[in-house]
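Participant: Take a look at this one; I'll ask things after.
2 protein chains.
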Amino acid sequence: MSTSPTAPSAPVRLLICDDHAVVRAGLLALLGSAPDIEVVGEAGSGAEAVALAGRLVPDVVLMDLQLGPGIDGVEATRRITAPRDGAPYVLVLTTYDTDADITRAIEAGATGYLLKAERPEELFAAIHSAAQGRTALSPPVAGRVMARMRSPRPVLTARELDILGQLARGLGNRDIARALFISEATVKTHLGRIYDKLGVDTRAGAVAVAKEQRLLP
Amino acid sequence: MSTSPTAPSAPVRLLICDDHAVVRAGLLALLGSAPDIEVVGEAGSGAEAVALAGRLVPDVVLMDLQLGPGIDGVEATRRITAPRDGAPYVLVLTTYDTDADITRAIEAGATGYLLKAERPEELFAAIHSAAQGRTALSPPVAGRVMARMRSPRPVLTARELDILGQLARGLGNRDIARALFISEATVKTHLGRIYDKLGVDTRAGAVAVAKEQRLLP
DNA sequence: TGCGGGGTCAACCGATCGGATGACCCCGGT
DNA sequence: ACCGGGGTCATCCGATCGGTTGACCCCGCA
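So, in C-alpha cells, the structure goes:
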C-alpha cells in the first residue's frame, strides 16, 4: 500500500484454521465473498495448519487458539511464523482474552489478536492489517496488554508448574515428592514459593488461582 | 413432513443467538444461503434473544450457551421455551460438551444440543429436526448423556457448595466456619461428605474437581 | 406416626501442612 | 571469577487437617 498507492492490491491470500467445522464454514462463507480476500484453504487442526501454511503460502493465517487434541494454536503459530522466507503473518481469532493466552500467542509470533466477539468489519480490517504485518488488537486485548505492563503477572517456573500439577490432583507432599522423584523437603520449598507468587497461603487456594488463571492444562 | 409429504415445506424460520459478532455473521452467511432456511433475525445477548423470539416467532432458535454478561444461554432457553402457544424450539449450538452444560440446557428445554465442531451438514439437518421438535444430539453429547444415565454425577447440596466456595478461596476450616456462621465441626462434617461425593480426600483435590466440573461460579 | 435426608455440633487422634532457616549444587550472564 | 536464580535437601515446631463416632434438630413424605 505504501509502496504502490495506485495499483489495486491483490486479494489477501488467507488460510483459515479452526477446529470447529461449523465456525470454519461460517468464516468461509463470510470471508469468501469479500472481493479483496481469497481464502486459499482451511485447516481443522494445528498440524494441518502448519502443513497447509507451508504448501499454500498464504499471506495471513487466521488462527484459533483452541484446537482440540494435537498441537495447539500457540504451537502452530510458533511453527508457522518461524523465521524464513515468505513466512505468513498469523492473526489470532479466538474467544478468550485471558492474559496467559494473549502473552503466549504474542510470544509465539502472532501479529494480531482478535476476539470473535469483534464486529465483522473489524475482522476484515484486521486481516488487511495483518497482511502488511501491522498489529491489530481487540480493545479488551489491548487493555490487558497495557495492564500487564503495569503489573506483571506471577510467572511460575516449569518445576513449580510440575508441583502445582500434582497438587491439583490432590496429592500430599509425600506423594508429590515420589511422583517427581525429589524429596518431601523440596516439595515444601517449591510450595512456599508458589504460595508467594500466587498470593495465597494454602494448597486449596493455590489450586483455585491456578485453575482461574489457566496455569494448568 | 409426516403430515404433508407432497407440499414443499416452507423454509424454517431461524433466529440466531451468539454473543460473538464474527460467529454470528459467519452463521448468517452460511445459513442464509440455504434455500430451506430463512434467518429472520440475530441476537447478541440472551435478553435480545428472548425479546426477538417473542416478536419474530421463529420456528427454531439457534442458541449459544456462552453469552457474556446478562442472562446466559440456559436462562434464555428456559424463557424462550416457556410453555405457551407457538413457542419455538431451541437448538443449542456451543463449543463445550461439559456434562453440567448439557444437563442444564436440556432441563431448560433445549430440543437439541450440537457442537460447533460438527460438520455443517449436521447443522442443517439438526435445524430441520429441531423445527419438528425432534431431538438432535452430537455424538459426543449423546455419549455423555448415556454415561450420565449409567453413573449419576455427584450432586452437592447448596450448603456443600457454600463450603466448597469458601474452600476455593483458600480458607481454613475456622475461617470457613466464621464466614458461614457455623461451627468448625460442621465445616469438617460437610467437607468429609464433599470428599466422598467428589471422590477425593484432600481440599486441593476437591477444588481441582470442582473447577474441572464447573461446580463453582 | 414413623422414617430418612439435610444440617448442625462435639471430642478425639494421628498425619500432614505451613513457615522459617540454612545449606549445597549447577548453570548462565557480567 | 564472581554473582544470582533455579533446583535440591534437611530440621524444627505449632497449627491445621482428615477420619471417625455419636448425637440432636427440623422437615417432608409415606
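First to last, the protein sequences are chains H and G. If you're matching positions, the first sequence starts at 1 in the numbering used here and goes up one per residue. If you're matching positions, the second sequence starts at 1001 in the numbering used here and goes up one per residue. Glycine residues also receive a C-beta, built at the ideal position from the N, C-alpha and C atoms.
1. Going along the chain, which residues of the region 1099-1119 of chain G sit with their C-beta nearer than 9 Å to a C-beta in chain H?
2. Would you please verify whether the beta carbon of alanine 87(H) is less than 8 Å from any beta carbon of chain G?
3. Tell me the DSSP bridge mates of leucine 91(H)?
4. So is glycine 1068(G) buried or exposed if we call it buried at 16+ other beta carbons inside 10 Å?
5. Could you check which residue in Ala29(H), Leu28(H), Thr77(H) has the C-alpha nearest to that of glutamate 48(H)?
6. Take arginine 1024(G) as the anchor and find which of Ala117(H), Asp201(H), Glu42(H), Arg13(H) has the nearest alpha-carbon.
7. Kindly say whether leucine 20(H), judged by its beta-carbon, lies nearer than 8 Å to any beta-carbon of chain G.
8. Quick check: is the beta carbon of alanine 126(H) nearer than 8 Å to any beta carbon in chain G?
9. Please list the terminal residues of the continuous beta strand (DSSP E) segment that includes isoleucine 15(H).
10. Just the Cα atoms here: how many angstroms apart are aspartate 1019(G) and alanine 1043(G)?
11. What number of angstroms, rounded off, separates the C-alpha of valine 50(H) from the C-alpha of alanine 1034(G)?
12. Assuming leucine 161(H) contacts leucine 215(H) under a Cβ cut-off of 8 Å, what Cβ separation, rounded to an integer in Å, is found between them?
13. Check whether the Cβ atoms of threonine 98(H) and aspartate 64(H) lie closer than 8 Å to each other.
14. Say whether chain G places a C-beta atom closer than 8 Å to the C-beta of leucine 15(H).
15. Grab me the residues of glycine 1112(G)'s own chain with a C-beta within less than 7 Å of its C-beta, minus the 5 sequence neighbours each way, in chain order.
16. Work out the CA separation of alanine 82(H) and alanine 1177(G) for me, nearest whole Å.
17. How would you label alanine 1210(G), buried or exposed, when you count the other beta carbons within 10 angstroms and need 16 or more for buried?
18. How far does the beta strand (DSSP E) with glycine 1252(G) in it reach, from first residue to last?
19. Excluding five sequence neighbours on each side, which residues of the same chain lie with their C-beta closer than 7 Å to the C-beta of serine 1183(G)?
20. Nearest to isoleucine 80(H) by CA position, among Leu27(H), Cys17(H), Gly26(H), Glu38(H), is which residue?
21. Report the rounded CA-to-CA distance for valine 1040(G) versus proline 58(H), giving the unit in angstroms.
22. Check each residue of the region 1154-1186 of chain G: if its Cβ is closer than 9 Å to any Cβ of chain H, include it; give the result in chain order.
23. Kindly examine the ligand HEM and report whether one of its heavy atoms sits closer than 7 Å to the Cβ of aspartate 36(H).
24. Determine the contact status of isoleucine 37(H) and leucine 52(H), defining contact as a CB-CB distance below 8 Å.
25. Which of the three DSSP states is assigned to leucine 1137(G) in this structure?
26. Measuring only the C-alpha atoms, how far is glutamate 1089(G) from alanine 10(H)?
27. Find out if the Cβ-Cβ distance for the pair glycine 73(H), glycine 109(H) is shorter than 8 Å.
28. Alpha carbon to alpha carbon, how far is valine 207(H) from alanine 1179(G)?
29. On the criterion of 16 or more Cβ atoms from any shown chain inside 10 Å, does proline 1217(G) qualify as buried, or is it exposed?
30. Of all the options Gln1132(G), Ala1168(G), Glu1212(G), which has the alpha carbon lying nearest to the alpha carbon of arginine 1060(G)?
31. Using only the alpha-carbon positions, how far apart do glycine 70(H) and arginine 55(H) sit?
32. Could you list which residues in chain H have their beta carbon closer than 7 Å to that of valine 1207(G), in chain order?
33. In chain order, what residues of the same chain lie with their CB nearer than 6 Å to the CB of tyrosine 1096(G), ignoring the 5 residues before and after it?
34. Consult DSSP for glycine 86(H) and reduce its assignment to one of helix, strand or coil.
35. Once DSSP output is grouped into helix, strand and coil, what is the label at tyrosine 96(H)?
36. Could you check which residue in Leu1164(G), Arg1084(G), Leu1028(G), Arg1174(G) has the C-alpha nearest to that of lysine 1197(G)?
Facilitator: Taking the definition as stated:
1. Leu1114, Leu1115, Lys1116, Ala1117, Glu1118, Arg1119
2. no
3. Leu62(H), Gly112(H)
4. exposed
5. Thr77(H)
6. Ala117(H)
7. In the sequence on display, residue 20(H) carries histidine and not leucine. Chain G, which has a Cβ nearer than 8 Å to the Cβ of histidine 20(H), makes this yes.
8. no
9. Per the sequence shown, residue 15(H) should be read as leucine rather than isoleucine. Here the beta strand (DSSP E) through leucine 15(H) covers 12-17.
10. 7 Å
11. 32 Å
12. 7 Å
13. no
14. no
15. Leu1091, Val1092, Ala1126, Ser1129, Ala1130, Thr1135, Ala1136, Leu1137
16. 54 Å
17. buried
18. With chain G represented from 1001 up to 1217, any question about residue 1252(G) goes unanswered, as that position is not in the structure.
19. Ala1177
20. Cys17(H)
21. 36 Å
22. Leu1167, Ala1168, Arg1169, Gly1170, Leu1171, Gly1172
23. With respect to the ligand HEM, the structure shown offers nothing to examine, as it has no ligands at all.
24. no
25. strand
26. Per the sequence shown, the amino acid found at residue 1089(G) is tyrosine instead of glutamate. Roughly 45 Å between the two C-alpha positions.
27. no
28. 20 Å
29. exposed
30. The sequence given here places valine at residue 1060(G); arginine does not occur at that position. Of the listed residues, the one whose Cα sits closest to valine 1060(G) is Gln1132(G).
31. 20 Å
32. Ala204, Val207, Ala208
33. none
34. coil
35. coil
36. Leu1164(G)
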